[in-house]
Amino acid sequence: LAKTTQPISMDSYEGQEVNITCSHNNIATNDYITWYQQFPSQGPRFIIQGYKTKVTNEVASLFIPADRKSSTLSLPRVSLSDTAVYYCLVGGLLMNRDDKIIFGKGTRLHILP
Amino acid sequence: DAMVIQNPRYQVTQFGKPVTLSCSQTLNHNVMYWYQQKSSQAPKLLFHYYDKDFNNEADTPDNFQSRRPNTSFCFLDIRSPGLGDAAMYLCATSRGRDGEYEQYFGPGTRLTVT
Chain V
26 LAKTTQPISM
36 DSYEGQEVNI
46 TCSHNNIATN
56 DYITWYQQFP
66 SQGPRFIIQG
76 YKTKVTNEVA
86 SLFIPADRKS
96 STLSLPRVSL
106 SDTAVYYCLV
116 GGLLMNRDDK
126 IIFGKGTRLH
136 ILP
Chain U
9 DAMVIQNPRY
19 QVTQFGKPVT
29 LSCSQTLNHN
39 VMYWYQQKSS
49 QAPKLLFHYY
59 DKDFNNEADT
69 PDNFQSRRPN
79 TSFCFLDIRS
89 PGLGDAAMYL
99 CATSRGRDGE
109 YEQYFGPGTR
119 LTVT
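Here the protein sequences line up with chains V and U, keeping their order.
Using this note's numbering, you'd call the opening residue of the first sequence number 26 and step up by one each time.
Using this note's numbering, you'd call the opening residue of the second sequence number 9 and step up by one each time.
Structure follows, in structure tokens:
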């Protein structure tokens, strides 16, 4: 059961790069790391997912060190519209009864003009 | 566009009066999930269906039930809502249960219990 720990909140300014780190010390071999973004009164939205090393898509990058005990979501050149809660999710196969989907507390990112 | 649809977006019910929330998907995904999210908290998984196989989380109260009559639809039934059940209820889908499959969330139904 991989528990995640993230900073409760972060502030940044428009145009800056924002890095949010998630700790998951007891990540299992078959666990993937997924990040979601949630705006108020909306459902979470998938941002990026990775298993190891680095993943990049059109909105973010995900850095995963070799031991996979943490991961860092990187948002380049943020704007006011990136103000949201960001969740790090670590999970594997739900068929295993010991496996669960547990959202951590999330990081409230506030972008300032 | 393929998507996850939840109806209604806002639901008000009385204490103890059964209520049903609905979710439909056009993604043809095998897995459908129901989450409860209270104010300023993370989503909490209540249960999920893998095809017709129902999987309840151990700490989900018996007051919460679910039905999945076909691939596209899934319902959340709250048999006797209490004030503590007021929350946003999120439906999500994924192609598989493996952690590599991302979840697609609906917009949620905000439930108020009076």
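Heads up, the beta-carbon is just placed ideally off N, CA and C, and yes, glycines get one too.
Because the structure is a prediction, the values reported are computed rather than measured.
On the CB-based measure, 16 or more other CB atoms within 10 Å of its CB, does residue i come out buried or exposed?
i	result
F128 of chain V	buried
H135 of chain V	exposed
A66 of chain U	exposed
D36 of chain V	exposed
A91 of chain V	exposed
E83 of chain V	exposed
T81 of chain V	exposed
Leaving out five residues on either side along the sequence, give the residues of the same chain with a beta carbon under 8 Å from the beta carbon of residue i.
i	result
Q19 of chain U	V27, L29, T117, R118, L119, T120
K79 of chain V	S86, L87, F88, I89
Y112 of chain U	M11, V12, Q33, L35, H37, A100, T101, S102
T122 of chain U	V20, T21, Q22, F23
Is any beta-carbon of chain U found at less than 7 Å from that of residue i?
i	result
I89 of chain V	no
K77 of chain V	no
Y57 of chain V	yes
Q62 of chain V	no
I126 of chain V	yes
P69 of chain V	yes
K28 of chain V	no
K94 of chain V	no
G40 of chain V	no
What's the gap between the Cα of residue i and the Cα of residue j?
i	j	result
C31 of chain U	G114 of chain U	8 Å
V43 of chain V	D70 of chain U	42 Å
P138 of chain V	Y38 of chain V	6 Å
Y57 of chain V	G92 of chain U	33 Å
V39 of chain U	F62 of chain U	10 Å
K77 of chain V	T97 of chain V	11 Å
S88 of chain U	L100 of chain V	43 Å
F64 of chain V	Q74 of chain V	19 Å
T46 of chain V	P32 of chain V	8 Å
G40 of chain V	Y109 of chain U	31 Å
G90 of chain U	T68 of chain U	14 Å
Is any beta-carbon of chain V found at less than 7 Å from that of residue i?
i	result
P83 of chain U	The sequence as given places Phe at residue 83 of chain U; Pro does not occur at that position. No - not a single Cβ of chain V is within 7 Å of the one on F83 of chain U.
F113 of chain U	yes
L54 of chain U	no
G107 of chain U	yes
L98 of chain U	yes
P77 of chain U	no
P16 of chain U	no
G90 of chain U	no
A50 of chain U	yes
G116 of chain U	yes
Please return the same chain residues whose Cβ sits closer than 7 Å to the Cβ of residue i, not counting the five positions on each side in sequence.
i	result
T79 of chain U	N36
Here's a check: name, in chain order, each residue in its chain whose Cβ is nearer than 6 Å to the Cβ of residue i, leaving out the five neighbours to either side.
i	result
T30 of chain V	S48
M96 of chain U	Q45, G116, R118
R75 of chain U	F83
(request) Spell out a yes or no on whether the segment 11–18 of chain U and the segment 39–58 of chain V are touching, meaning 3 or more CB-CB pairs, one atom from each, closer than 8 Å. (result) no
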